[in-house]
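Position one of the sequence shown corresponds to residue 1 (UniProt numbering), numbered consecutively onward.
Cβ atoms here follow ideal geometry from the backbone N, Cα and C, with glycine treated the same way.
Bear in mind the structure is a predicted one, so any value in this text is a computation, not a measurement.
Structure record follows, encoded as structure tokens.
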Amino acid sequence: MPTLKINDVEVKVEPGTLLLDACAQAGFPVPSYCYHPTLTPVATCRMCVVEIKGQPKLATSCTTLAADGQEVFTESPAVKDGRAGVMEFLLINHPLDCPICDQAGECKLQDYSYQYGQDDSRMVEPKRRYRYEDLGAKIVIDKNRCIHCTRCVRFTKEISGTYELTVANRGSNLEVTTYAGRSMDENPLAGNVVDLCPVGALTSRDFRFNKRVWYLKPVPTINRHSPMANPMWADVDKNRVWRFRPRPQGTQVSTHYMFDEERLAWHRYDLDPAVRVATPVLRGAPASVEAVAAALREGATAVVGQGTFGCDSAQRLGDLASAPELRYGSGDRVVQIQFPALQLSSDGVLNRRGFSERGYRFGHLDELLAKVKGGEVRSVILLHDEAFSSRAEAAKLREIVEAAPFSLVLEPIPGELSGLATATLPVTTFLEEADFVIDHEGVLKRYQKALQAPKGVKTVAAWAKELAAATQAAHA
Ligand code: SF4
Ligand code: FES
């Protein structure tokens, strides 16, 4: 293992470690713009320069490997002078439009100009000007802000393989643009260029001008629309969700990026409390949970749990089945694999494993329908989200709900089945609860509560407990 000194602190690193990572490991993170752990290093911005004893010039730490016996300085006068020079060049054409820029508050240019920049500009020439351009319906580019780090260009080349973006012209006319005016609409990963852009040059049409980021509280959670339950941030403010962003885990490439479909799914969970029904409903009228429990007691009960909910919900819901074999699994969303490095499973039902481990049998809805029609099962409790069922499965579930003498549907976002059910209970969305899932590789992934549910809207586990308690009280 190479052993080196960084600012006189000895550190041992794995062979092949970049100096930039070694510095961070030693507790001296160096600033960077163009470096990204999942992209080929190109050392274009020169912001990560460090001094290495014995070398006459500063070295870019994002392209230099840590070596045994090296003595590295990250804050020497030469390094500080070098960074100040880089900042001055980067700011030559950059507009001072932070008050109207979406990136303000999470902008590396803003942060580093405070740390390494100068108070004043020596630039007397007029700044280069471009009008902002739409790169399709999803992305807007403001070239005035671009610092030419090429992260976005490398992303479309190395990760999405769609090659829309390129660098045109040279010198002070250099600009990031699309080949022959192509849009980014066909790219299902387009939103990632916004995350990658260290300044505010690439902005999201969906988020643009919606919220100042310093009001947002990032809550660590998982994306239930990603087959591998990828970690993500849910940015919330005043009990509303405003955006989803990837929550990268080290160099694991699939956690750095998010599909646009997964990213835009936040809209589904931004529910208006004014239109949410917050009480149990029985035969079209508000009812008590005891009345729902009484209806359930009249015969055998089967539960159908969709494998996109948490394990706690699965466990508590399963306890309501009259027999272990009356736990059925649902959810059949299939994701088309387009990017094997990012899509580690095509099964869009992220917690299938967690439900299976709790006795839910997937692919047996025909058996349940026969039991309902034959009178063997009288009541069906269905935990469902229509975004994760195909038309065929939705039709099968509809048949079960219509055939059952009593059906209780739990849908966080009420859909068609809620309208057909004998009874419904208002349940929380995944953003309004804390639970965990077991992904397709058997990894347990927890998620935190990001939003407070309206009064009366409860978790599946809480409703299951109340139904069980009401039944016990009736038997006492
Ligand atoms: S648009 Fe952003 S990510 Fe792309 S080169 Fe410019 S600064 Fe870098
Ligand atoms: S981060 Fe090293 S040169 Fe840009």
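Is it buried or exposed, residue i, if we count other Cβ atoms within 10 angstroms and call 16 or more buried?
| i | result |
| --- | --- |
| Tyr269 | buried |
| Asn351 | buried |
| Asp8 | exposed |
| Asp120 | exposed |
| Phe251 | Rather than Phe, the amino acid found at residue 251 in this sequence is Thr. Burial call: exposed. |
| Trp214 | exposed |
| Ala314 | buried |
| Ser288 | exposed |
| Gly161 | exposed |
| His225 | buried |
| Lys127 | exposed |
| Val443 | exposed |
| Val193 | buried |
| Ser254 | buried |
| residue 479 | Here the chain covers residues 1 to 476 and nothing more, so residue 479 does not appear. |
| Arg170 | exposed |
Skipping 5 residues on each side, what residues in its chain have a beta carbon closer than 7 Å to that of residue i?
| i | result |
| --- | --- |
| Pro41 | Tyr35, Cys62, Thr63 |
| Asp312 | Asp435, Ala461 |
| Ser76 | Glu51 |
| Gly299 | Arg378, Ser379 |
| Phe355 | Gly305, Gly307, Ala314, Gly329 |
For residue i versus residue j, is the C-beta spacing smaller than 9 Å?
| i | j | result |
| --- | --- | --- |
| Glu164 | Leu135 | yes |
| Asp237 | Phe309 | no |
| Lys373 | Ala403 | yes |
| Ala293 | Leu467 | yes |
| Arg316 | Val457 | no |
| Ile400 | Leu368 | yes |
| Glu71 | Leu18 | no |
| Leu264 | Phe155 | no |
| Asp142 | Thr203 | yes |
| Tyr116 | Lys157 | no |
| Cys146 | Glu175 | yes |
| Ile52 | Ala341 | no |
| Gly318 | Gly363 | no |
| Thr60 | Cys23 | no |
| Glu441 | Thr459 | no |
Out of the options, which one is the CA nearest neighbour of residue i?
| i | options | result |
| --- | --- | --- |
| Ser330 | Arg283, Ile381, Val292 | Ile381 |
| Cys101 | Arg205, Leu369, Ala461 | Arg205 |
| Phe406 | Pro15, Arg131, Ser379, Lys396 | Ser379 |
| Leu20 | Glu125, Glu411, Val50, Asp195 | Val50 |
| Val140 | Ala168, Gly191, Ser76, Leu96 | Gly191 |
| Pro273 | Thr429, Lys53, Ala66 | Thr429 |
| Ala67 | Gln118, Glu10, Gly27 | Glu10 |
| Ala395 | Val199, Asp366, Met258, Gly299 | Asp366 |
| Ala469 | Leu397, Ser389, Leu320 | Leu320 |
| Val219 | Pro198, Arg243, His267, Ala201 | Arg243 |
| Gln118 | Gly82, Val153, Pro2 | Gly82 |
| Val349 | Ala26, Gly307, Gln472, Ala300 | Gly307 |
| Phe339 | Gly69, Tyr257, Ser183 | Tyr257 |
| Gly200 | Thr166, Tyr132, Trp266 | Tyr132 |
| Pro29 | Ile6, Glu14, Pro15, Ala43 | Ile6 |
| Gln472 | Gly171, Arg297, Arg353 | Arg297 |
| Pro227 | Val167, Arg353, Pro37 | Arg353 |
Between residue i and the rest of its own chain, which residues show a CB-CB distance below 8 Å, the 5 nearest in sequence each way excluded?
| i | result |
| --- | --- |
| Lys57 | none |
| Lys217 | Asp235, Val236, Asp237 |
| Lys445 | Ile222, Ala229, Pro231, Phe436, Val437, Ile438, Asp439 |
| Asp185 | Gly136, Ala137, Lys138 |
| Ala278 | Pro426, Pro454, Lys455, Gly456, Val457 |
| Gly375 | none |
| Leu282 | Ala291, Val292, Ala295, Thr422, Ala423 |
| Gln110 | Cys98, Gln103, Ala104 |
| Leu271 | Ile413, Thr429 |
| Arg398 | Glu416, Leu417, Leu420 |
| Ala302 | Ala321, Ser322, Leu326, Arg327, Tyr328, Leu368, Lys371, Val372, Val377, Ser379, Val380, Ile381 |
| Val241 | Ala234, Asp235, Trp266, Tyr269, Asp270, Leu431, Ala450, Leu451 |
Near residue i, what residues of its chain come up, given a Cβ to Cβ distance below 6 Å and the 5 sequence neighbours on each side ignored?
| i | result |
| --- | --- |
| Gln343 | Ile337 |
| Cys45 | Tyr33, Cys34, Cys149 |
| Val304 | Tyr328, Ser330, Leu382 |
| Glu357 | none |
| Lys408 | In the sequence as presented, Lys is not what sits at residue 408; that position holds Leu. These residues qualify, in order along the chain: Ile381, Ala423. |
| Ser390 | Asp332 |
| Val86 | Arg46, Met47 |
| Met123 | Ile92 |
| Asn239 | Leu451, Gln452 |
| Ala26 | Ile6, Val9, Val11 |
Whole-angstrom Cβ separation of residue i and residue j, contact assumed at under 8 Å?
| i | j | result |
| --- | --- | --- |
| Leu417 | Trp463 | Not quite, the Cβ-Cβ distance comes to about 16 Å (not below 8 Å), so this is no contact. |
| Arg212 | Gly105 | 6 Å |
| Asn144 | Asn93 | 7 Å |
| Ser113 | Leu91 | 7 Å |
| Val335 | Ser322 | That pair is no contact at about 34 Å. |
| Pro2 | Val13 | 6 Å |
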